[in-house]
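First residue of the sequence shown? That's 120 in my numbering, and the numbers climb one at a time after it.
Ideal Cβ placement from N, Cα and C applies to all residues, glycine included.
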Amino acid sequence: MSKALLISRLTGKYQATIPGPVRKALGVGHGDRIAFEVEKNRVRIRKASPLDIEYLKALEVTLREWGSPNDEDAYRNL
120 MSKALLISRL
130 TGKYQATIPG
140 PVRKALGVGH
150 GDRIAFEVEK
160 NRVRIRKASP
170 LDIEYLKALE
180 VTLREWGSPN
190 DEDAYRNL
């Protein structure tokens, strides 16, 4: 695929449709997960791997311990 500029509009819920050529390039379809890699003002999008999903699930468990109302009060102004 040659270089192309593709544009999608955000909805009121900040959702966007991934254009067909991008879906095709990534090899993604309905129900697949995509990963966003953010670095400064650039974002890369790719098909999420099973390892990505397992990593985020493991990370989520470790972050739950910091979600109490007391933690919110203590860290609110940091």
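Range of the contiguous beta strand (DSSP E) that encloses residue i
i	result
ARG163	161 to 166
ALA96	Nothing about residue 96 can be read from this structure; the chain reaches only from 120 to 197.
VAL157	153 to 158
Residue i - containing alpha helix (DSSP H), residue span
i	result
ALA135	Per DSSP, ALA135 belongs to no alpha helix (DSSP H) and is neither H nor E.
Nearest-angstrom beta carbon gap, residue j and residue i [assumed within contact, 8 Å]
i	j	result
ARG165	ILE153	7 Å
ARG128	ALA135	7 Å
Beta carbon proximity, residue i to chain C, threshold 8 Å
i	result
ILE153	The chain inventory of the structure shown lacks chain C, comprising one protein chain alone.
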